[in-house]
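Chemist: For the sequence shown, counting from 1, position 18 maps to 611 in this note's numbering; every step adds exactly one. What follows is a structure written as structure tokens; I'll ask about it next.
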Amino acid sequence: MTKVTNLLTDSHQRKHNYLRISLSEKCNLRCTYCMPHDGIALSPRAHLMTADEIEAIATIFVKNGVDKIRLTGGEPLVRKDFSLILEKLAKLHVKLSITTNALLTHRFIDDFKRFGLQDINVSLDSLDAEKFKFITRRDQFKLAYDNINQLIAEGFNVKINAVLMKGFNEDEITDFIKLTKDQNINVRFIEFMPFDGNEWNKNKLVSQAEILNRVTDYFGVEALKPLLNETNFTARNFRIEGFKGSFGIISSVTNPFCDSCNRVRLTADGKLKNCLFSNEETNLLTGYRSGANLEDLIDAALNKKKAVRAGMTDFDQLTNPDLHNNNRSMIAIGG
């Protein structure tokens, strides 16, 4: 294999050491911001990466500098060979993590521990059972919440991801933060982002400024303590004075963090996306199956990456449906 110099460094000198791999387009929930109301046309099974292909393609990224891999979906745990995939990726000696809705995590606790997967992000958009049922179109709140508590009790590093939507769950911001009082967890509030079929509307957006206003109105200005941001951060983190845990805000819409982006995404059907918002994709799976040089394909894809949100540099462009409706729905990209 011929190694391309600085393969994972784009034309803006951003180094990409973080690969997110979607294992499935399927999910056992139907969250409205992620999946269109009528669902999506699933890729034929033959068009999806096998466990061996996932390992082989991931190996190329790792050889060129990736040291963190996150498994996403759909819901990654619905994949029948999940444990096999996890075992294969564990051999690459990178930091493994997962984003899940937690409905199936109780079945995989031992596998997580055996293969060194310690960081678990759980998508949970409401602490109210009826709201959960409405947004997910499934009556599974108790199972999800119980499994989250099990993960915490088992010692995993748990982050809870909540997509905020005005008129739906912004009134729960302080309730989510209260979860961090006695538990060393991180709650992250994510701005509602536009994707195909999710009926995005800027009026549904709860901005970073609005979140912080609610926090200071409830807890007080002096209680809000900004935390040092990680390198290549996505969330700007804070703590309430005296609380064990923390909370963060992922403001991809109103206050993006593109200048430090270090992430690339591989969809379940083997397409490389250099940006979450980009319509462009590079078919690595077809390239792999035909014997093409994947390093050349990856290098070309990374050098096409725009400085900010696939070239949508301002709010007006981001809210123009003509610029984002050709993108996949979120469930087909991978969270």
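Ideal Cβ placement from N, Cα and C applies to all residues, glycine included.
Would you check if there are 3 or more beta carbon pairs closer than 8 Å linking the segment 858-871 to the segment 819-836?
Modeler: no
Chemist: For H686, does the count of other Cβ atoms within 10 angstroms reach 16, so buried, or fall short, so exposed?
Modeler: Walking along the sequence shown from the start, residue 686 turns up at place 93. Result: exposed.
Chemist: If you follow the alpha helix (DSSP H) that T652 is in, where does it begin and where does it stop?
Modeler: As a first step, residue 652 is located in the sequence shown; it is residue number 59 there, counting from the start. It spans A644 to K656 - the alpha helix (DSSP H) in which T652 sits, taken as one unbroken run.
Chemist: Using the Cα positions of F749 and F708, report the straight-line distance between them to the nearest angstrom.
Modeler: As a working mapping, residue 749 is identified with position 156 in the sequence shown. As a working mapping, residue 708 is identified with position 115 in the sequence shown. If I take the Cα positions, the gap works out to 13 Å.
Chemist: Are the beta-carbon atoms of N657 and L600 separated by less than 7 Å?
Modeler: Walking along the sequence shown from the start, residue 657 turns up at place 64. Walking along the sequence shown from the start, residue 600 turns up at place 7. In this structure, L600 lies closer than 7 Å to N657 by Cβ.
Chemist: So which of E668, K673, V814 and L679 has the shortest CA-CA distance to I662?
Modeler: Walking along the sequence shown from the start, residue 662 turns up at place 69. Out of E668, K673, V814 and L679, L679 has the C-alpha closest to the C-alpha of I662.
Chemist: Considering just the uninterrupted stretch of the beta strand (DSSP E) at D712, what are its terminal residues?
Modeler: One-based indexing of the sequence shown puts residue 712 at position 119. Start and end: D712 to S716.
Chemist: Is T875 helix, strand or coil when you go by DSSP?
Modeler: For the purposes of this step, residue 875 is taken as the residue at position 282 of the sequence shown. Here T875 sits in strand by DSSP.
Chemist: Report yes if the CB atom of L744 is closer than 7 Å to the CB atom of I766, and no otherwise.
Modeler: Your numbering for residue 744 matches position 151 in the sequence shown. Your numbering for residue 766 matches position 173 in the sequence shown. Contact flag unset, no.
Chemist: Can you list, in chain order, the residues of its chain with a C-beta nearer than 7 Å to that of H699? Leave out the 5 residues immediately preceding and following it.
Modeler: Within the sequence shown, the letter at position 106 stands for residue 699. Cβ neighbours of H699 beyond the five flanking positions: N740 and Q743.
Chemist: Candidates F701, V655 and M758: which alpha carbon is nearest F725's?
Modeler: Position 132 of the sequence shown, counted from the start, is the residue given in the question as residue 725. For the residues F701, V655 and M758, the minimum Cα distance to F725 belongs to M758.
Chemist: Helix, strand or coil: how does DSSP classify E784 here?
Modeler: The sequence position of residue 784 within the sequence shown is 191, counting from 1. Three-state DSSP puts E784 in a strand.
Chemist: In the DSSP assignment, find the unbroken alpha helix (DSSP H) run with F831 in it and report its ends.
Modeler: Walking along the sequence shown from the start, residue 831 turns up at place 238. Counting along the chain, F831 falls outside any alpha helix (DSSP H), though it belongs to the beta strand (DSSP E) covering R829 to I833.
Chemist: Exposed or buried, which one is R613 when buried takes at least 16 other CB atoms within 10 Å?
Modeler: In the sequence shown, counting from the first residue as 1, residue 613 sits at position 20. Burial call: buried.
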